[in-house]
Amino acid sequence: MKKILFIVFVLISTVAFPQQKGEDLKVGLVLSGGGAKGLAHIGALKIIEQSGIRIDYIGGTSMGAIIGSLYAAGYSAKQLDSIFLATDFNTLIQDEIPRSAKTFYEKEESEKYALVLPFDNFKVGFPSGLSKGQNVYNLFSRLTSHVNDISDFSQLPIPFFCVATDVETGKEVILDRGYLPRAVTASGALPSLFSPVVINNQVLIDGGVVNNYPIEELRAKGMDIIIGVDVQDSLKSRENLKSAFEVLVQVNNYRTIKDMTEKRKMTDVYINPNIEDFSVVSFDAGEAIIDAGAEASAPFIEQMMDIASRQLPRERKKIEFLERDSLYVKEVKIEGTKNYTRSYVLGKLKLRTPSKITYKSLSEGINNLSATGNFQDINYRIFTDDNDKSTLLFSLRENDSKMLLRIGAHYDDLYNAAALLNVTRKRVFTNNDIASLDFIVGDNIRYNFNYYIDKGFYWSVGFNSSYNNFEKNVDLSYVSLDQQQAEQNVSLNKISLDYSDFTNQIFAETLFQRIFTLGVGAEHKYLRYLSETIGIDENNLPRTVFESTNYYSGFGFLKYDTFDNSFFPNSGVYFEGDFHLYLFAEGRNDDFEQFSIAKARFGYAKSFLKKFSAVLTTEGGFKIGGNNTRSLDFSLGGYGFKEINNIIPFYGYEALSLRGDTYLKSSLLFDYEIFRKNHLNIAVNIANVGDDLFTDGKWIDGLDYSGFALGYGLETFFGPIELKYSFSPETHNSEWFVNVGYRF
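The opening position of the sequence shown corresponds to residue 1 in full-length UniProt numbering, with each subsequent residue numbered one higher.
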């Protein structure tokens with residue numbers, strides 16, 4: 001029915017307003033900035049399309065540039081509606097890099113620290129923006145891949161330009177050529193939210209600072225009629241200015257609102273959606289904002305149909321969007337690197353040439369390169385030849401900051417409260433190295449030092465030194481007592497154990513088959529634990545030293561990890577295998593014999609409903625030889641701590657409750673995200689723990705231990721906060737576990 005009415009109206013308009021001979025009105029569309037409010041542009045475009053108007057030029061700023069560029073590249077209003085409603089803007093804006101895209105080193109580094117600040121010359125600085133805009137750039141590169149070879153924006157299906165601001169001069173910069181995703185990213189680089197963008201040696205930020213409604217520039221393109229969609233903020237009262245960001249937006253609005261008094265008069269069709277109830281970050285209300293844009297445009301449809309009747313018919317160019325999901329990369333070119341080698345960059349991209357890769361793998365590689373923090377800008381273009389073979393051109397801008405100050409906090413039932421202060425220095429001796437020192441204070445003093453030379457696809461080498469200490473009440477059976485000690489302390493059930501570990505490792509690792517991390521190394525470990533509950537030592541001190549030995553070993557490991565979240569995974573697979581051969585020892589362990597320990601863990605996460613997921617984990621380990629050495633046996637129990645020396649979590653029992661030289665464990669966890677970043681979960685785990693389980697066949701004679709847990713978890717900027725109630729049917733005892741912050 002609507003189509004019939006439209007045809008009738010066009011016929012009437014043609015009769016009532018006959019087109020003058022040779023007349024062909026050129027119509028320009030100007031789209032203002034406004035953050036999330038800019039989604040109203042999509043609703044306005046729907047009505048503009050219905051009117052039949054041919055848009056001849058588009059000029060936009062910030063969000064207006066984002067939506068205007070995609071429309072200029074050939075997308076319809078309906079397609080834009082689908083794209084933006086399916087976009088997770090929280091991930092897009094915050095540069096949240098998918099965990100599965102990171103290397104193991106970047107995963108470990110990103111899951112320890114709550115706050116990261118520049119610390120060059122031992123002076124605390126602040127980042128130029130909360131986000132580098134890399135995810136915005138990646139999204140636009142994919143969406144505009146079909147016009148990737150167009151450098152002159154006037155050659156797009158609809159000619160286009162956008163506005164940015166030169167941060168050094170404060171002057172307006174018109175971006176009408178170059179690489180479209182880069183130009184759009186610069187136009188939308190809102191100060192404090194996004195880092196500035198460098199184009200042609202100009203440092204650019206959001207165009208809305210100087211010109212949020214570029215109507216005069218659009219008119220200069222020879223447009224007869226201007227349709228404008230204005231989604232700018234009005235000035236707010238003090239009651240509505242609730243954050244520093246809102247104050248910043250208000251200050252930026254002073255001039256733009258004043259300018260609009262004149263610019264509104266220059267606009268032939270002025271559309272001003274009613275979106276006062278929304279803010280520049282109300283992306284979660286996207287559908288309502290789009291509807292508001294359509295509602296505000298509807299009263300102008302007759303006027304726009306009249307304009308359409310005065311244009312010569314011109315069929316809109318049919319756009320062939322690239323639908324392939326992979327490309328054959330014949331060559332990679334890298335520009336702009338001074339301190340990082342080609343192998344380093346290719347290793348982070350997980351890219352070898354020539355090879356066929358998926359766009360998803362390419363995006364993950366770029367995210368992984370971004371996760372290093374070593375590059376301020378990562379620009380890339382894809383050039384495809386007549387044989388459908390592609391060349392990737394990367395233009396990189398290195399981050400000048402070499403030193404970082406990082407802070408974290410944690411609490412668990414084993415190490416108790418702890419605060420972490422980290423200093424990290426990049427490019428210490430070579431271009432690709434990094435040194436990092438964690439100093440941990442609280443109930444237990446600890447440290448962790450890492451030095452790593454990252455060689456990308458080649459073998460990388462590293463050195464690690466750490467000291468860990470905790471005190472824990474354990475069963476008397478946990479330690480080895482001679483007959484006299486046992487008789488003297490027959491009335492004791494538990495003793496206080498002071499446990500210390502000092503470990504040094506040197507290792508080499510490489511990326512195997514682009515997905516596995518394979519490594520080998522050598523280790524020195526000094527173990528010492530004692531109790532002041534019982535005994536008198538040789539120095540007449542009230543304590544008994546049970547272990548004080550240096551162990552020397554060689555080891556190898558293999559890792560694979562695609563979990564999307566380390567603590568609350570919805571998807572992915574995890575595997576870690578480790579083998580240690582202990583060659584000799586020096587110290588209290590006089591009866592040392594060579595032995596080896598092998599262990600492996602496999603995990604699988606699957607999401608069944610939108611907010612419901614399950615995680616299945618199975619693991620095990622065993623010792624071969626060395627019956628006289630019990631210090632490195634497997635100990636199960638507890639939850640929330642960072643694992644060391646085969647001390648493994650297990651629901652239903654407190655830490656270090658179960659012990660043996662062999663163990664098998666499986667767990668199943670169901671998690672429901674009741675609302676964003678808030679989780680309810682229930683879990684069960686079962687295990688067999690003891691000595692020589694495989695030799696005696698005891699590993700299949702039944703389940704010795706089990707536990708259940710009910711928990712609540714909250715994802716925060718400094719890590720997960722978890723509270724779990726657990727119960728063991730064997731002991732009929734319950735345990736409460738509290739975990740706060742990233743584990744270290």
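Here a beta-carbon is modelled for each residue, glycine too, at the ideal position from N, C-alpha and C. Treat the numbers as computed from the prediction; the structure is a model and nothing was measured.
**Message:** Could you compute how far the alpha carbon of G286 sits from the alpha carbon of A72?
**Reply:** So the alpha carbons of these two residues sit roughly 21 angstroms apart.
**Request:** With DSSP collapsed to three states, give me the class of Q505.
**Result:** strand
**Message:** Considering only the alpha carbon of each residue, which of Y467, K494, A86, A308 lies closest to S477?
**Reply:** Minimum Cα distance to S477 is reached at K494.
**Request:** Determine, using beta-carbon pairs with one atom in the segment 635-644 and one in the segment 560-580, whether at least three such pairs fall under 8 angstroms.
**Result:** no
**Asked** So what does DSSP say about G554, is it helix, strand or coil?
**Response** Correct three-state label for G554: strand.
**Request:** Measure the alpha-carbon distance for P214 versus A186 and round it to whole angstroms.
**Result:** 16 angstroms
**Request:** Give me whichever residues DSSP pairs with F709 in a beta bridge.
**Result:** The residue asked about is misnamed: residue 709 is Ala in this sequence, not Phe. A709 is bridged to A683, S726.
**Request:** Enumerate in chain order the residues of its own chain whose CB-to-CB distance from A101 is below 6 angstroms, with the five nearest sequence positions on each side excluded.
**Result:** These residues qualify, in order along the chain: E364, N367, N368.
**Message:** Just checking S110 against the ligand MN - is the residue's beta carbon closer than 7 angstroms to any of the ligand's heavy atoms?
**Reply:** No copy of the ligand MN appears in this structure; indeed no ligand is present at all.
**Asked** Is the segment 340-348 touching the segment 63-81 in the sense that three or more CB pairs, one from each, lie closer than 8 angstroms?
**Response** no
**Prompt:** Where R99 and S706 are concerned, what is the direct C-alpha to C-alpha distance, given to the nearest angstrom?
**Reply:** 31 angstroms
**Asked** Helix, strand or coil for R99 per DSSP?
**Response** helix
**Prompt:** Curious, which full-length alpha helix (DSSP H) runs of at least 4 residues does the segment 201-228 contain?
**Reply:** 215-219
**Request:** Sort G222, Y113, M63, L346 by Cα distance to G207 and report the nearest one.
**Result:** M63
**Item:** Coil, strand or helix - T169 by DSSP
**Value:** coil
**Request:** Determine the extent of the alpha helix (DSSP H) in which residue 776 is found, giving its start and end residues.
**Result:** Given that the chain is displayed from residue 1 to residue 744, the structure contains no residue 776 and the question cannot be resolved.
**Prompt:** Who are the Cβ neighbours of P729 in its own chain at under 7 angstroms, not counting the five residues just before and after it?
**Reply:** S706
**Request:** Would you mind listing the beta strand (DSSP E) stretches within the segment 326-396 that are 3+ residues and don't spill past its ends, in chain order?
**Result:** Under the rule that a run must span 3 or more residues, the beta strand (DSSP E) segments found entirely inside the segment 326-396 read 326-335, 355-358, 375-384.
**Item:** Same chain, Cβ closer than 7 angstroms to V281, neighbours up to 5 away in sequence not counted
**Value:** G35, A36
**Request:** Give every residue of the same chain whose Cβ lies closer than 8 angstroms to the Cβ of N469, excluding the five residues on either side of it in the sequence, and list them in chain order.
**Result:** N444, I445, R446, D498, Y499, S500, D501
**Request:** Please check the pair F670 and I648, which I expect to be a contact at CB under 8 angstroms, by giving their CB distance rounded to whole angstroms.
**Result:** Not a contact, Cβ separation roughly 21 angstroms.
**Request:** Would you identify the three-state DSSP class for F126, choosing helix, strand or coil?
**Result:** In the three-state reduction of the DSSP assignment, F126 falls in the coil class, being assigned neither a helical nor a strand state.
**Item:** Host beta strand (DSSP E) of I271 (start-end)
**Value:** Segment 269-271, the beta strand (DSSP E) holding I271.
**Prompt:** Do you know how far the Cα of I682 is from the Cα of F608?
**Reply:** If I take the Cα positions, the gap works out to 16 angstroms.
**Message:** What residue range does the alpha helix (DSSP H) around V30 cover?
**Reply:** Residue range 27-31 is occupied by the beta strand (DSSP E) that includes V30, with no alpha helix (DSSP H) assigned at that position.
**Item:** Secondary structure of A164, DSSP reduced to three states
**Value:** strand
**Prompt:** Going by the beta-carbon positions, is the gap between I53 and I158 smaller than 8 angstroms?
**Reply:** no
**Prompt:** Who are R743's beta bridge partners in DSSP?
**Reply:** The bridge partners DSSP lists for R743 come to none.
**Message:** If the criterion is Cβ atoms closer than 8 angstroms, does the pair R195 and G133 meet it?
**Reply:** Residue 195 is actually Ser in this sequence, not Arg. The answer is yes: Cβ separation under 8 angstroms.
**Request:** Identify the continuous alpha helix (DSSP H) that holds V184 and give its terminal residues.
**Result:** 180-187
**Prompt:** Do T372 and K348 have their C-beta atoms closer together than 8 angstroms?
**Reply:** yes
**Message:** If I follow the unbroken alpha helix (DSSP H) through K606, where does it start and stop?
**Reply:** From DSSP, K606 is part of no alpha helix (DSSP H) but of the beta strand (DSSP E) over 595-607.
**Asked** What is the rounded straight-line gap between the Cα of F727 and the Cα of F568?
**Response** 21 angstroms
**Prompt:** Do the segment 256-275 and the segment 284-303 meet, that is, are 3 or more Cβ pairs less than 8 angstroms apart?
**Reply:** Touching, yes.
**Request:** Taking 8 angstroms as the threshold, find out whether the segment 102-117 comes into contact with the segment 394-406 through three or more Cβ pairs.
**Result:** yes
**Item:** Proximity to D377 [Cα-Cα], best of N201, D454, K610, R314
**Value:** N201
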